[in-house]
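Residue numbers for the sequence shown follow our numbering, so the first one is 884 and each next one is one higher.
Glycine residues also receive a C-beta, built at the ideal position from the N, C-alpha and C atoms.
First the structure, in the form of structure tokens, and then the observations on it.
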Amino acid sequence: MTRNEMLIRKLSRDKVLSLEEFASLIDSFTPYELSYAQSLAGDIREEIYGNKVYIRGLIELSSYCACDCLYCGIRRGNPNAKRYRLNMDDVLECCEKGYQLGFRTFVMQGGEDAFYDDDKLVELITVIKRKYPECALTLSLGERPAESYRRLYEAGADRYLLRHETADEEHYRKLHPKGEELSGRMESLRKLKETGFQVGTGFMVGSPHQDSLCLAKDMVFLSDFKPEMVGIGPFVPHHESVFRDFQSGSVELTLFMLSLIRIMLPYALIPATTSLGTVDGLGREKGICSGANVVMPNLSPLAVRKKYMLYDNKAFTGTEAAESLSLLRASMERIGFEVVTDRGDHPLKEIWQMSYSK
Ligand code: SAM
884 MTRNEMLIRK LSRDKVLSLE EFASLIDSFT PYELSYAQSL AGDIREEIYG
934 NKVYIRGLIE LSSYCACDCL YCGIRRGNPN AKRYRLNMDD VLECCEKGYQ
984 LGFRTFVMQG GEDAFYDDDK LVELITVIKR KYPECALTLS LGERPAESYR
1034 RLYEAGADRY LLRHETADEE HYRKLHPKGE ELSGRMESLR KLKETGFQVG
1084 TGFMVGSPHQ DSLCLAKDMV FLSDFKPEMV GIGPFVPHHE SVFRDFQSGS
1134 VELTLFMLSL IRIMLPYALI PATTSLGTVD GLGREKGICS GANVVMPNLS
1184 PLAVRKKYML YDNKAFTGTE AAESLSLLRA SMERIGFEVV TDRGDHPLKE
1234 IWQMSYSK
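Below, the structure written as structure tokens:
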């Protein structure tokens, strides 16, 4: 057994490694060790979730954003980004289409857009939950005050996705302008948990200036924070962003990180992300075979999909498109998985929520 295999087994047993151990594993894993991690992650996922793949219908609410994250195509400072906002009717149309297709989770994601104040969002959430009471509603609308999170939760939203992006303070500052701080992000994540949301966090793999120690810190943070959902995907450059000349993150490293996350957080709901599907035509399938168990096809109105361009060539057709769900089902079946019509909640959410509020 190689040293890295031993570290992977140790991770499976202890659910954490030291920063040095994570960094050395990430720096030196071989293709054989990648398949060892994938196989262990696959066994763990199978034991908890069988061969089920959960689907979430992604509704991209707004491409206006008050933030200026240097990696992002819709950041405030990009004068060429195409801006749009969906209204209540647009969103309800997406939900109806998604419901008919078999989606039982809707994810409303968007830039940090003050147009959607708490009153507007509460109304939107209330109407969606009244029309689709058996569906889960996930929000991904960035950092907001604790009081706002409370109102959105009380209106009926179930889950919230907010990637921490990087757990290394210095790296965070290289990816964000002054005023966007890691401490604010971490505070928001804590508030979201305290409010009662099932919380998702995550990071980009291969983002500019990232090294193995940054990724090690991400892993240690995930181990401490115990999110119900973890979204990771390769960084992909946007031609109008500050990082236009950087390369996309590596597919192999993304798959390895996915497997390590599954081994460390066996119950987590982990998407095979669109960015993984964008940099590799078989990224979705490879992600699932590395321990992921969620896919989030795009349910946004066709007319706006091109405008929510976080990075170049962002995929929104074929298996990335909600209306082509049959293609996704077939591709998952080919690798031995079944796309299910299910809310797909975290199996331990109530126990965790109780322990967190103690
Ligand atoms: N505003 C919300 C937030 O910040 O959480 C949600 C929208 S934000 C655009 C969603 C995610 O897109 C970010 O968390 C980031 O990790 C990812 N993203 C943005 N630009 C990206 C890029 N160039 N490559 C890969 N992922 C990117």
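Check: residue i C-beta below 6 Å from any heavy atom of ligand 1
{"i": "R1042", "result": "no"}
{"i": "H1054", "result": "no"}
{"i": "R1046", "result": "yes"}
{"i": "H1121", "result": "yes"}
{"i": "C1097", "result": "no"}
{"i": "M1069", "result": "no"}
{"i": "Q1130", "result": "no"}
Where residue i falls: helix, strand or coil (DSSP)
{"i": "I1153", "result": "coil"}
{"i": "K935", "result": "strand"}
{"i": "K1241", "result": "Any reading at K1241 is ruled out, since the residue's pLDDT is 46, under 50, leaving its predicted position unreliable."}
{"i": "E1048", "result": "strand"}
{"i": "N887", "result": "helix"}
{"i": "K893", "result": "helix"}
{"i": "S1158", "result": "helix"}
{"i": "L1165", "result": "coil"}
{"i": "V1134", "result": "helix"}
{"i": "I1115", "result": "strand"}
Near ligand 2: residue i beta-carbon under 6 Å from a heavy atom
{"i": "G1083", "result": "In the structure shown, ligand 2 is absent; the only ligands present are ligand 1."}
Environment of residue i [buried if 16+ CB atoms lie within 10 Å]
{"i": "M889", "result": "exposed"}
{"i": "K1061", "result": "exposed"}
{"i": "D1101", "result": "buried"}
{"i": "Y915", "result": "exposed"}
{"i": "N1196", "result": "exposed"}
{"i": "K965", "result": "exposed"}
{"i": "N1181", "result": "buried"}
{"i": "R886", "result": "exposed"}
{"i": "G1025", "result": "buried"}
{"i": "H1122", "result": "exposed"}
{"i": "G1164", "result": "exposed"}
{"i": "S1183", "result": "buried"}
{"i": "S1158", "result": "buried"}
{"i": "T970", "result": "The residue asked about is misnamed: residue 970 is Asn in this sequence, not Thr. Exposed: under 16 other Cβ atoms inside 10 Å."}
{"i": "N963", "result": "exposed"}
Segment limits, beta strand (DSSP E) that includes residue i
{"i": "S945", "result": "G940 to S945"}
{"i": "Y1043", "result": "R1042 to L1044"}
{"i": "E1221", "result": "E1221 to V1223"}
Host alpha helix (DSSP H) of residue i (start-end)
{"i": "G1174", "result": "Premise fails: G1174 is in no alpha helix (DSSP H) and is neither H nor E."}
{"i": "A1029", "result": "A1029 to E1037"}
{"i": "A949", "result": "It is not in any alpha helix (DSSP H) - A949 carries neither H nor E in the DSSP assignment."}
{"i": "A1099", "result": "S1095 to F1108"}
{"i": "V1187", "result": "L1185 to R1188"}
{"i": "S907", "result": "L902 to S911"}
Segment contact flag, the segment 1025-1034 with the segment 972-989, C-beta cutoff 8 Å, min 3 pairs: no
Contact the segment 1125-1145 vs the segment 923-937: 3+ CB pairs below 8 Å: Of all C-beta pairs linking the segment 1125-1145 to the segment 923-937, three or more are shorter than 8 Å, placing the two stretches in contact.
Evaluate the contact criterion for the segment 1187-1206 versus the segment 1109-1126: three or more CB pairs, one atom per stretch, below 8 Å. yes
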